[in-house]
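First the structure, in the form of structure tokens, and then the observations on it.
Protein chains in written order, with the numbering used here: chain A, 23 to 331; chain B, 295 to 690.
Pasting the structure below:
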């Protein structure tokens, strides 16, 4: 098996990071929402909307920055819809999130032939966000390879995890948010606006997930294709659980899944093992990690609607 | 319970051994007493019938308004797709009900949707959300295909064994999420969907050129043997015996859920896990049982498609039946009769989608949109019913 070890080099590390970035954004979004007490099964749909909006607006305006901003706005909008269902209507949070996922999958796919003529399954290519070489760092031996193969999205994702930790565990807003996820009644009794805090968390989750979606369309592929997320929203949820709803371990779990994915992609080209089975590797790794996670301990009030007296 | 006095309570209608109600004249003859009791008994029966009729009427009303709301909400999208709602709905009607073949195709699509809808509904009764039917039907389809191709036996036995193999494979596919839920507390939505992707990979691997089940057509196996086919029942259309099997299974599901102790345990765990625990019901056991039963129904979804519609296993033979099943189960309010009605509605959409594509240029993805809208309407219904309760002066 020497060729299977050859894969492990700095190119693999860089690719692993790139593949884990959409998961990192989505998983941190899910973490914010679930820490505030709202289950977020809708990450997949929010990623799809973000990915689609990013490409569509970039195609219209010709500027990918505008596409990115539009995608984040769409993410916030879908987050608001999700929040309305989960918090205001107090519908079953799993059911309403499933509605968003199904709707997103259908609408984004149905709009491709509607906007761009012909019965195709993907959009035309648009301007992507490019990778760049970090001055000085990219000249370093070995590790320099990594610093020349990432875009600013990747660095943002890596910094976002400690940032989320800082906000959640070292700021009054974070304390309030976590209180809403553990005991909304207690939070309300000391004057926290539970409804508003939860809305904020779920909308932020929408923005984060959309960022993950944009990464798939505007950074990795330069186009949108039917079902481009391919279950990554759920893989992100697995990473969130494996990381026990804590930002740094969640980041680690996402990197693990990303590295596994990069490994299978590189192994495909270097061996004659079946490609089809290798494609399932990230999901199999995800399932196996869940076996070893120990009893998952979610925030206490997760999935429970808050009723103001 | 406000109308407890005219509904059949736990003790049934009054019998002659009951003490006479106060104020009853003492000089009643036996015959008179008999008549009073008979009229009381028929009043109970009448009240029960009215209750049932109101229940069915309300369910039918909710069903119809949900469908109508979803279709209306989808109308702007038909315009976005460069058509207009009238053309779209006409095409939908012609493709699904406008003749023998369209009707047969509606029923052909309804068959897997009914199985899939039952799969989601049975799990949901026990409080589990199985969104992995799409993967379970692939597993069931593979197993049914293998038994159908490789085994040699008599006709009815062969079909039955192939169907059972499909059910078993689906149940095993659901065992992984069931175990993770029961012993690790991992939400089944995440694990069932991940098992879907694993199933898709296995399917591709088996039927690719040079794969273990490679057939003479690309991404498909050889045809199953004639003895393993579900017979066609409405020549010259593709309609096969699967629809009859589906309706029988729906009846069995109804009996199981509402008339057996096992079904009662499912519903109790689904409705109130704490109460179930205090009644000595192991929720882990119910989780595993419900998930595997659901997976078995999911496996049958694929098996009937393979043995009845396609007569061979094809990679990605399902256009998304497993995902439509979620909407089918919720639209049918988790009741087998409702699920049957909902599967007919989605069967119409599936069958009509070809015509929709040809005449209105709307892709099949529109059905997924309508599924999403139906589920959203089901989710939003809570708000409407709460508003209604508040306007009647009731508590929230």
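Just so you know, even glycine gets a beta-carbon here, dropped at the ideal spot from N, CA and C. Quick caveat, the model's predicted, so the values are computed rather than measured.
Are there 16 or more other CB atoms within 10 angstroms of the CB of residue i, so buried, or fewer, so exposed?
{"i": "residue 207 (chain A)", "result": "exposed"}
{"i": "residue 486 (chain B)", "result": "buried"}
{"i": "residue 475 (chain B)", "result": "buried"}
{"i": "residue 66 (chain A)", "result": "buried"}
{"i": "residue 370 (chain B)", "result": "exposed"}
{"i": "residue 163 (chain A)", "result": "exposed"}
{"i": "residue 61 (chain A)", "result": "buried"}
{"i": "residue 135 (chain A)", "result": "buried"}
{"i": "residue 169 (chain A)", "result": "buried"}
{"i": "residue 573 (chain B)", "result": "exposed"}
{"i": "residue 322 (chain A)", "result": "exposed"}
{"i": "residue 336 (chain B)", "result": "exposed"}
{"i": "residue 477 (chain B)", "result": "exposed"}
For residue i, decide whether its Cβ has a neighbour in chain A, counting only Cβ atoms nearer than 7 angstroms.
{"i": "residue 666 (chain B)", "result": "yes"}
{"i": "residue 659 (chain B)", "result": "yes"}
{"i": "residue 445 (chain B)", "result": "no"}
{"i": "residue 394 (chain B)", "result": "no"}
{"i": "residue 304 (chain B)", "result": "Confidence at residue 304 (chain B) is low in this model, with a pLDDT of 40, below 50, so the placement of that residue is unreliable and no value is reported for it."}
{"i": "residue 674 (chain B)", "result": "yes"}
{"i": "residue 662 (chain B)", "result": "yes"}
{"i": "residue 484 (chain B)", "result": "yes"}
{"i": "residue 499 (chain B)", "result": "yes"}
{"i": "residue 347 (chain B)", "result": "no"}
{"i": "residue 488 (chain B)", "result": "yes"}
{"i": "residue 358 (chain B)", "result": "no"}
{"i": "residue 239 (chain B)", "result": "No answer is possible for residue 239 (chain B): the residues shown for chain B start at 295 and end at 690."}
{"i": "residue 495 (chain B)", "result": "yes"}
{"i": "residue 620 (chain B)", "result": "yes"}
{"i": "residue 374 (chain B)", "result": "yes"}
{"i": "residue 366 (chain B)", "result": "no"}
{"i": "residue 560 (chain B)", "result": "no"}
Pull up the DSSP beta-bridge partners for residue i, would you.
{"i": "residue 144 (chain A)", "result": "A:247"}
{"i": "residue 606 (chain B)", "result": "B:517"}
{"i": "residue 172 (chain A)", "result": "A:154"}
{"i": "residue 254 (chain A)", "result": "DSSP lists no partner for residue 254 (chain A)."}
{"i": "residue 526 (chain B)", "result": "B:534"}
Which value, in whole angstroms, describes the spacing of the CA atoms of residue i and residue j?
{"i": "residue 507 (chain B)", "j": "residue 320 (chain A)", "result": "43 angstroms"}
{"i": "residue 43 (chain A)", "j": "residue 112 (chain A)", "result": "32 angstroms"}
{"i": "residue 318 (chain B)", "j": "residue 325 (chain B)", "result": "For residue 318 (chain B), the predicted structure reports a pLDDT of 46, less than 50, and the residue's modelled location is therefore unreliable. A value from the coordinates is still provided. Between residue 318 (chain B) and residue 325 (chain B), the C-alpha separation is close to 15 angstroms."}
{"i": "residue 311 (chain A)", "j": "residue 258 (chain A)", "result": "13 angstroms"}
{"i": "residue 86 (chain A)", "j": "residue 253 (chain A)", "result": "25 angstroms"}
{"i": "residue 132 (chain A)", "j": "residue 658 (chain B)", "result": "8 angstroms"}
{"i": "residue 430 (chain B)", "j": "residue 295 (chain A)", "result": "25 angstroms"}
{"i": "residue 315 (chain B)", "j": "residue 344 (chain B)", "result": "Per-residue confidence for residue 315 (chain B) stands at a pLDDT of 48, beneath the threshold of 50, marking its modelled position as unreliable; the derived number appears in the next sentence. Between residue 315 (chain B) and residue 344 (chain B), the C-alpha separation is close to 26 angstroms."}
{"i": "residue 280 (chain B)", "j": "residue 49 (chain A)", "result": "Outside the displayed range of chain B (295 to 690) lies residue 280 (chain B), so it cannot be described from this structure."}
{"i": "residue 239 (chain A)", "j": "residue 158 (chain A)", "result": "29 angstroms"}
{"i": "residue 119 (chain A)", "j": "residue 63 (chain A)", "result": "6 angstroms"}
{"i": "residue 172 (chain A)", "j": "residue 153 (chain A)", "result": "5 angstroms"}
{"i": "residue 277 (chain A)", "j": "residue 436 (chain B)", "result": "34 angstroms"}
{"i": "residue 465 (chain B)", "j": "residue 91 (chain A)", "result": "45 angstroms"}
{"i": "residue 308 (chain A)", "j": "residue 669 (chain B)", "result": "28 angstroms"}
Would residue i pass as an interface residue toward chain B - the criterion being a Cβ-Cβ separation below 7 angstroms?
{"i": "residue 120 (chain A)", "result": "yes"}
{"i": "residue 113 (chain A)", "result": "yes"}
{"i": "residue 132 (chain A)", "result": "yes"}
{"i": "residue 63 (chain A)", "result": "yes"}
{"i": "residue 74 (chain A)", "result": "no"}
{"i": "residue 298 (chain A)", "result": "yes"}
{"i": "residue 330 (chain A)", "result": "no"}
{"i": "residue 301 (chain A)", "result": "yes"}
{"i": "residue 124 (chain A)", "result": "yes"}
{"i": "residue 157 (chain A)", "result": "no"}
What are the start and end residues of the alpha helix (DSSP H) that includes residue i?
{"i": "residue 283 (chain A)", "result": "269-292"}
{"i": "residue 506 (chain B)", "result": "Run containing residue 506 (chain B): none; DSSP gives neither H nor E here."}
{"i": "residue 588 (chain B)", "result": "577-598"}
{"i": "residue 220 (chain A)", "result": "216-236"}
{"i": "residue 82 (chain A)", "result": "65-83"}
{"i": "residue 486 (chain B)", "result": "482-501"}
{"i": "residue 475 (chain B)", "result": "449-478"}
{"i": "residue 160 (chain A)", "result": "Element bounds for residue 160 (chain A): n/a, residue is neither H nor E."}
{"i": "residue 138 (chain A)", "result": "It is not in any alpha helix (DSSP H) - residue 138 (chain A) carries neither H nor E in the DSSP assignment."}
{"i": "residue 409 (chain B)", "result": "394-419"}
Going along chain E, which residues have a C-beta under 8 angstroms from residue i?
{"i": "residue 624 (chain B)", "result": "Looking for chain E here will not work: the only protein chains present are A and B."}
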